[in-house]
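**Q** I have a structure here, written as structure tokens, and I will follow up with some questions on it.
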């Protein structure tokens with residue numbers, strides 16, 4: 001896969017053994033992808049994209065305007081996700097320190113003081129998500145440092161609106177989206193691998209794709225899974 005530009009629009013182009021062009025605009029940030037038959041050159045793909053600009057911009061505007069995920073109030077009975085599985089939130093009032101526990105593979109028990117605000121309950125949940133990610137990430141980095149022959153100098157977790165991860169190549173630092181705590185572990189590992197591959201290849205061209213295919217043959221499946229996933233609306 002490589003990229004072409006139409007004005008300020010960046011388009012991912014994938015050449016496949018297909019008969020027709022296929023255009024898609026994907027959440028969360030309106031990423032544009034065109035699958036094209038092998039015989040068509042970039043100029044033909046660019047002309048096709050230009051003919052579809054109004055359609056593309058309409059769908060990108062819809063993604064920008066719509067709620068990615070219904071707002072949470074952090075009350076009992078709500079659905080919340082952890083490591084790819086849906087759980088029901090159960091708020092329990094207590095006098096001790098706030099905490100979160102997973103119970104019976106069905107419930108997320110949120111222990112808070114009576115009278116706690118929505119913002120306070122949210123903060124407890126998000127702190128718990130952060131703790132869980134910080135337990136999962138170090139073994140993944142260690143594993144892939146050995147496999148790739150690269151070294152990550154620093155890493156962190158933060159909430160990001162449009163990206164699952166970022167890599168500062170010069171500082172050898174990666175950031176991972178707090179929302180990944182909600183996704184399947186394979187998706188977390190995919191993002192870790194993706195960002196670490198940038199230490200070998202800056203851009204998303206053929207060389208980058210070759211590295212991804214080498215290290216994680218099923219990476220496109222996980223990428224598509226994340227593309228279909230909503231980011232939270234905290």
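Residue numbers (my numbering): 1 to 234. C-beta atoms are modelled at their ideal positions from N, C-alpha and C, and glycine is treated no differently.
1) Tell me whether the beta-carbon of residue 192 lies closer than 8 Å to the beta-carbon of residue 144.
2) Spatial neighbours of residue 153 within its chain, please: C-beta separation below 7 Å, excluding the five flanking residues on both sides.
3) Since residue 112 and residue 87 should fall inside the 8 Å C-beta cutoff, what is the C-beta to C-beta distance between them, to a whole number of angstroms?
4) Figure out for me which residue from 85, 110, 15 has the closest Cα to the Cα of residue 182.
5) With contact counted as at least three CB pairs below 8 Å, one residue from each stretch, are the region 99-106 and the region 148-166 in contact?
6) If you draw a straight line from the alpha carbon of residue 100 to that of residue 39, how long is it in whole angstroms?
7) Could you give the distance in angstroms between the alpha-carbon of residue 96 and the alpha-carbon of residue 228?
8) List the whole-angstrom C-beta distance separating residue 167 from residue 140, where the pair is believed to meet the contact cut-off of C-beta under 8 Å.
9) Cβ of residue 6 within 8 Å of Cβ of residue 50?
10) Taking the alpha carbon of residue 117 as the point to measure from, which residue in 72, 148, 82, 132 has its own alpha carbon closest?
11) I'd like to know whether the C-beta atoms of residue 83 and residue 185 end up nearer to each other than 8 Å.
12) Cα separation between residue 156 and residue 74?
13) Looking at residue 178: is its Cβ nearer than 8 Å to the Cβ of residue 130?
14) So what does DSSP say about residue 187, is it helix, strand or coil?
15) Would you identify the three-state DSSP class for residue 171, choosing helix, strand or coil?
16) If we call anything under 8 Å between Cβ atoms a contact, is residue 46 one with residue 4?
17) So the candidates are 204, 147, 180, 217; which of them puts its Cα closest to the Cα of residue 134?
18) What does the Cβ neighbour count give for residue 169, buried or exposed, with the cut at 16 atoms within 10 Å?
19) Looking only at DSSP bridge pairs, what is residue 116 linked to?
20) Given a cut-off of 8 Å on the beta-carbon distance, is the pair residue 56 and residue 10 in contact?
21) Tell me, which residues are paired with residue 26 by DSSP?
22) Any idea what DSSP makes of residue 83, helix, strand or coil?
23) Between which two residues does the beta strand (DSSP E) containing residue 15 stretch?
**A** This is what the structure holds:
1) Within the chain shown, the letter at position 192 stands for residue 192. Within the chain shown, the letter at position 144 stands for residue 144. Yes, the Cβ-Cβ distance between residue 192 and residue 144 is below 8 Å.
2) Position 153 of the chain shown holds residue 153. These residues qualify, in order along the chain: 171, 172, 173.
3) Here residue 112 corresponds to residue number 112 of the chain shown, with the count starting at 1. Here residue 87 corresponds to residue number 87 of the chain shown, with the count starting at 1. Not a contact, Cβ separation roughly 17 Å.
4) On the chain shown, residue 182 is found 182 positions in, with the first residue counted as 1. Among 85, 110, 15, the Cα nearest to that of residue 182 is on 85.
5) Touching, no.
6) As a working mapping, residue 100 is identified with position 100 in the chain shown. As a working mapping, residue 39 is identified with position 39 in the chain shown. Roughly 55 Å separates the two Cα atoms.
7) Stepping through the chain shown from its first residue, residue 96 is reached at position 96. Stepping through the chain shown from its first residue, residue 228 is reached at position 228. Distance from the CA of residue 96 to the CA of residue 228, rounded to the nearest whole angstrom, comes to 39 Å.
8) Start at 1 with the first residue of the chain shown, and residue 167 comes out as number 167. Start at 1 with the first residue of the chain shown, and residue 140 comes out as number 140. The pair is not a contact, with the Cβ atoms about 14 Å apart (cut-off 8 Å).
9) Taking the first residue of the chain shown as 1, we reach residue 6 at position 6. Taking the first residue of the chain shown as 1, we reach residue 50 at position 50. Yes. Within cutoff.
10) To locate residue 117, count along the chain shown from 1; it is residue 117. When only C-alpha atoms are compared, the closest one is 72.
11) Within the chain shown, residue 83 is the residue found at index 83, counting from 1. Within the chain shown, residue 185 is the residue found at index 185, counting from 1. Against a cut-off of 8 Å, the Cβ pair of residue 185 and residue 83 comes out as a contact.
12) Against the chain shown, residue 156 aligns to sequence position 156. Against the chain shown, residue 74 aligns to sequence position 74. Those two C-alpha atoms are separated by around 25 Å.
13) Your numbering for residue 178 matches position 178 in the chain shown. Your numbering for residue 130 matches position 130 in the chain shown. Their beta carbons are under 8 Å apart, which means residue 178 touches residue 130 by this criterion.
14) Within the chain shown, residue 187 is the residue found at index 187, counting from 1. Residue state, collapsed to three classes: helix.
15) Within the chain shown, residue 171 is the residue found at index 171, counting from 1. Coil.
16) Looking up residue 46 in the chain shown gives position 46. Looking up residue 4 in the chain shown gives position 4. Contact: yes.
17) Position 134 of the chain shown, counted from the start, is the residue given in the question as residue 134. Closest by C-alpha distance to residue 134, out of 204, 147, 180, 217, is 180.
18) Indexing the chain shown from 1 puts residue 169 at position 169. Residue 169 comes out exposed.
19) Reading the chain shown from its first residue, position 116 is the one you call residue 116. Answer is none; residue 116 lacks a bridge partner.
20) Along the chain shown, one-based indexing puts residue 56 at 56. Along the chain shown, one-based indexing puts residue 10 at 10. No. Outside cutoff.
21) Taking the chain shown and counting its residues from 1, one reaches residue 26 at position 26. Paired residue(s): 31.
22) The count along the chain shown starts at 1 and reaches residue 83 at position 83. Here residue 83 sits in coil by DSSP.
23) As a working note, residue 15 is residue 15 in the chain shown. Residue 15 -> beta strand (DSSP E) spans 9-16.
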